[in-house]
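Working notes for the structure below.
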Amino acid sequence: MPETATPRADVRDRIVTAAAALLRQDGAAGVTTRAVADRAAVQPPTIYRLFGDKDGLLDAVAEHAMTEFSRTKAAAVSAAADPTVDPVADLRTGWDLTIGFGLDNPDLFVIMSDPRRGRGSPAVAAGLRLLEERLRRVAAAGRLVVRERDAVRLIHAAGTGAVLTMLADPEGARDPAVADAAFAAVLAQICTPEPTEASVDGTGATRTAALTLRSVAPDLAALSPAERSVFAEWLDRIVDHDGRTDHQGRPGHPGGPGHDED
Numbered sequence: 007m008p009e010t011a012t013p014r015a016d017v018r019d020r021i022v023t024a025a026a027a028l029l030r031q032d033g034a035a036g037v038t039t040r041a042v043a044d045r046a047a048v049q050p051p052t053i054y055r056l057f058g059d060k061d062g063l064l065d066a067v068a069e070h071a072m073t074e075f076s077r078t079k080a081a082a083v084s085a086a087a088d089p090t091v092d093p094v095a096d097l098r099t100g101w102d103l104t105i106g107f108g109l110d111n112p113d114l115f116v117i118m119s120d121p122r123r124g125r126g127s128p129a130v131a132a133g134l135r136l137l138e139e140r141l142r143r144v145a146a147a148g149r150l151v152v153r154e155r156d157a158v159r160l161i162h163a164a165g166t167g168a169v170l171t172m173l174a175d176p177e178g179a180r181d182p183a184v185a186d187a188a189f190a191a192v193l194a195q196i197c198t199p200e201p202t203e204a205s206v207d208g209t210g211a212t213r214t215a216a217l218t219l220r221s222v223a224p225d226l227a228a229l230s231p232a233e234r235s236v237f238a239e240w241l242d243r244i245v246d247h248d249g250r251t252d253h254q255g256r257p258g259h260p261g262g263p264g265h266d267e268d
């Protein structure tokens, strides 16, 4: 079928698939306009017309790959909704999926880790929402000691850094203990070793109880939407106030990243 008779979306998908295959096979240097055009059976001007330039094409490849990966993570998050699943163990499952994806797709991961490419990406936003869902379950179990948004930033930063650090080593010399240590360090900052009972005295217990309630506030059917909003605001105030009086240096506390002054 002549190229002009092929639907535009089909041509675009074919080009992205061809570029992704070349990226896996030959790295970013192998994704030339000519090589992609030959593999996708299109003329080079078609690539420029659809993507603008090579950077635009790589953006599309990264978005496509992240969308596919998010589908895999979404299935895992859905399966972990079973109340018998330990939410902290499930958080580790998500971490391992991300580390494995990065090591299996080194050139692609480096491209996706570029903040310019991730900013405004629907696929990246979807992936972070899945991480938020995992953390919401950790909070609901009474294990989270920082705000969900701060925990998302820490885990995302640590995971990206761990993969890039390992990719800097030769393939046969990459030590998985790097990723294990990074996860353990983050977990120590964002979680309690065991569920915290609200009856335990101390600022930390109050803050954890507020974080636990905050995680389920949007789903409290006994309250109206307006009441849920006010309740969430009150809980946020408790979290912020107790965060300022706790000097352990965790995110959301003085001396820790992610602290916001409201």
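Each residue of the sequence shown is one higher than the last, beginning at 7 in my numbering.
By construction, the Cβ of each residue, glycine as well, lies at the ideal position given by its N, Cα and C atoms.
Please read these numbers as outputs of a predicted model, since none were measured by experiment.
Limits of the alpha helix (DSSP H) - the one that residue i falls within
| i | result |
| --- | --- |
| residue 73 | 60-85 |
| residue 29 | 14-32 |
| residue 121 | 121-124 |
| residue 104 | 93-110 |
| residue 42 | 39-46 |
| residue 56 | 50-57 |
Own chain residues within Cβ distance below 7 Å of residue i, not counting five before or after
| i | result |
| --- | --- |
| residue 165 | 101, 104, 105 |
| residue 142 | 154, 221 |
| residue 79 | 100, 103, 133, 136 |
| residue 129 | 69, 72, 73, 76 |
| residue 234 | 223, 224, 226 |
| residue 123 | 65, 68, 117 |
| residue 218 | 145, 146, 148 |
Identified DSSP bridge partners for residue i
| i | result |
| --- | --- |
| residue 150 | 197 |
Residues near residue i by beta carbon distance below 6 Å, same chain, minus five either side
| i | result |
| --- | --- |
| residue 204 | Reliability of the predicted coordinates at residue 204 is poor, the pLDDT of 46 falling under 50, and the value obtained from them is presented with this limitation in mind. Here the set comprises 215. |
| residue 37 | 25, 28, 29 |
| residue 108 | 115, 169 |
| residue 117 | 64, 68 |
| residue 207 | Its pLDDT being 47, under 50, residue 207 is placed unreliably in this model, and the value from its coordinates should be taken loosely. Contacts found: none. |
| residue 45 | 24 |
| residue 180 | 172 |
Contact belief for residue i with residue j at Cβ below 8 Å, rounded distance in angstroms
| i | j | result |
| --- | --- | --- |
| residue 51 | residue 40 | Actually they do not touch by this definition, with Cβ atoms about 12 Å apart. |
| residue 138 | residue 152 | 13 Å between Cβ atoms; not a contact. |
| residue 15 | residue 113 | Contact doesn't hold; Cβ gap of about 26 Å is too wide. |
Nonlocal neighbours in the same chain, by C-beta distance under 8 Å from residue i, ignoring five residues either side
| i | result |
| --- | --- |
| residue 238 | 220, 223, 224 |
| residue 184 | 168, 171, 172 |
| residue 197 | 94, 144, 149, 150, 151 |
| residue 162 | 134, 137 |
- request: Specify whether the stretch 74-90 and the stretch 144-153 touch according to this definition: at least 3 beta carbon pairs, one from each stretch, less than 8 Å apart.
  value: no
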